[in-house]
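Residue numbers (UniProt numbering): 1 to 237.
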């Protein structure tokens, strides 16, 4: 393990619309972002843990929990349309991280509080073993079969997305995976060149769905809070 070669970037903008102030809203007695900062610190992989935010309150709380906030994110990188990969790239470039000093960046979304330090360590190990240029966390689809997905128009007319697979047995269909923002790795040189984690030599790291929950709605929050309470109960039992 070469700790000095890895940097963590935690994107956490202030303008969440569906869950107001979600990144600093308290979950089980702590600001949401604190769980991600704690996991990044505890895994011991990172020489720098940087929070990229446009919010002064998020910045102050992040520093309180041990992250670095060396700049306030530019407004053009804090709207609803900016790809998160560009936010992470901006942090790398603002800090002027040299590729001969730092090799890998790990993007940890603040709205994924349930992955922990062990998950980060395990994902890093696979990232090294596969020698991929980027690796994103994914989770298996659960209760519903994604192969049977359909569009429904204003007249309730259904159009299958995968028409051929509708006639196949579910056990004969290959497993599909959904990306989650929990843990994304990339070589810094690759991110600078491609400006995205979705490069050709990209692999997936499978994380259990209950650790990969992305909080984007109030329903997501309620689910994550239940899972967090259960996790803490097991830990303290």
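Cβ atoms here follow ideal geometry from the backbone N, Cα and C, with glycine treated the same way.
Predicted model only: the values in this text are computed from it and were never measured.
{"query": "Quick one: using the 10 Å Cβ neighbour count with 16 as the cut-off for buried, is residue 143 buried or exposed?", "result": "exposed"}
{"query": "By how many angstroms is the C-alpha of residue 124 removed from the C-alpha of residue 1?", "result": "Its pLDDT being 48, under 50, residue 1 is placed unreliably in this model, and the value from its coordinates should be taken loosely. The alpha-carbon atoms of residue 1 and residue 124 are separated by roughly 9 angstroms."}
{"query": "Let me know if residue 226 comes out buried or exposed under the rule of 16 or more other beta-carbons within 10 Å of its beta-carbon.", "result": "exposed"}
{"query": "Taking buried to mean at least 16 other C-beta atoms within 10 Å of its own C-beta, is residue 120 buried or exposed?", "result": "buried"}
{"query": "Going by DSSP in three states, residue 123 sits in which element: helix, strand or coil?", "result": "helix"}
{"query": "Do the CB positions of residue 50 and residue 70 come within less than 8 angstroms of each other?", "result": "yes"}
{"query": "Would you call residue 194 buried or exposed, if buried means 16 or more other Cβ atoms sit within 10 Å of its Cβ?", "result": "buried"}
{"query": "Quick check: what's the CA-CA separation for residue 61 versus residue 33?", "result": "8 angstroms"}
{"query": "Beta strand (DSSP E) containing residue 102: first to last residue?", "result": "First-last for residue 102: undefined, no H or E at that position."}
{"query": "Any idea what DSSP makes of residue 1, helix, strand or coil?", "result": "Interpretation of residue 1 is limited by its pLDDT of 48, a score under 50 that renders its predicted location unreliable; the figure taken from the coordinates is listed afterwards. In the structure shown, residue 1 sits in coil (DSSP, three-state: anything other than H, G, I, E or B)."}
{"query": "Assuming residue 138 contacts residue 177 (C-beta within less than 8 angstroms), just tell me the rounded distance between them.", "result": "4 angstroms"}
{"query": "Quick test of the definition: if touching needs 3 or more C-beta pairs under 8 angstroms, does the segment 179-186 touch the segment 104-116?", "result": "yes"}
{"query": "Quick check on the DSSP output: what are the complete beta strand (DSSP E) runs of length 3 or more inside the segment 122-204, in order along the chain?", "result": "134-140, 150-152, 158-160, 177-187"}
{"query": "DSSP beta-bridge partners for residue 107?", "result": "9, 184"}
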